[in-house]
Amino acid sequence: GRLRPAHQSTLSPITMSDAGDVDAAAGGELTMETAVQEVLKTSMAHDGLSRGLHEATKALEKRNALLCILANDCDEAAYSKLVEALCSEHGVRLVRVDQAKQLGEWAGLCKIDKEGKPRKVVKCSCVVVKDLGSSHASQAMEFLQKMTD
1 GRLRPAHQST LSPITMSDAG DVDAAAGGEL TMETAVQEVL KTSMAHDGLS RGLHEATKAL
61 EKRNALLCIL ANDCDEAAYS KLVEALCSEH GVRLVRVDQA KQLGEWAGLC KIDKEGKPRK
121 VVKCSCVVVK DLGSSHASQA MEFLQKMTD
């Protein structure tokens, strides 16, 4: 059989509603939502995001994943089961958000209009963070890791 990480059995998915507000040391409040946005924004800037089922499963299988984010409103049960199983098998932390449309917007799957508002947002049920690039979002990542312990 395969060797599995020792901490794998203690990982459980968390949802946005499970997370309370926690004060961030660098001023401002770090919530589950703001932490996810910060991690996704930084990861996207460093080309470290896998968006959608195909890219996400490839990243999870290659063990390149630092974090997996799954939308609760995913209408395909097998999709969610597959992502959850891969995260569990490879010891990747799983965070749940409420809406796929919101996750798509945060993952950059939209156009930004002249006023800076997102338009033509594409839904995305799963995003995998492969690379944070720098320590800029490390506080947000640590927050998400604490929430999933």
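Counted the way the UniProt record's numbering counts, the sequence shown spans residues 1 to 149. Note that beta-carbon positions come from the ideal geometry of N, C-alpha and C, so glycine has one too. A quick note: this is a predicted structure, and the numbers were derived from the prediction, not measured.
Asked                                                                                                                                          : Found
Which one of P118, C126 and G108 has the shortest CA to CA distance from K41?                                                                  : G108
My assumption, with CB atoms under 8 Å, is that L70 sits in contact with L94. Please give the rounded CB distance.                             : 6 Å
Among S80, H46, V92 and C74, which one has its Cα closest to the Cα of K101?                                                                   : C74
Indicate the three-state DSSP secondary structure (helix, strand or coil) for A71 in the structure shown.                                      : strand
Out of L86, D47 and D98, point me to the one whose CA is closest to K62's CA.                                                                  : L86
With burial defined as no fewer than 16 other Cβ atoms inside 10 Å of the residue's Cβ, what is the status of K130: buried or exposed?         : buried
Assign S43 to one of three DSSP states: helix, strand, or coil.                                                                                : helix
Taking buried to mean at least 16 other C-beta atoms within 10 Å of its own C-beta, is R51 buried or exposed?                                  : buried
Looking at V83: is its Cβ nearer than 7 Å to the Cβ of C126?                                                                                   : yes
Just to check my reading of the structure: V121 and E105 have Cβ atoms closer than 8 Å, yes? What is that Cβ distance to the nearest angstrom? : 5 Å
So, under 8 Å CB-CB, N64 and D98 are touching, yes? Tell me the CB distance rounded to an integer number of Å.                                 : Not quite, the Cβ-Cβ distance comes to about 26 Å (not below 8 Å), so this is no contact.
V83 lies in the alpha helix (DSSP H); which residues open and close that run?                                                                  : A77 to H90
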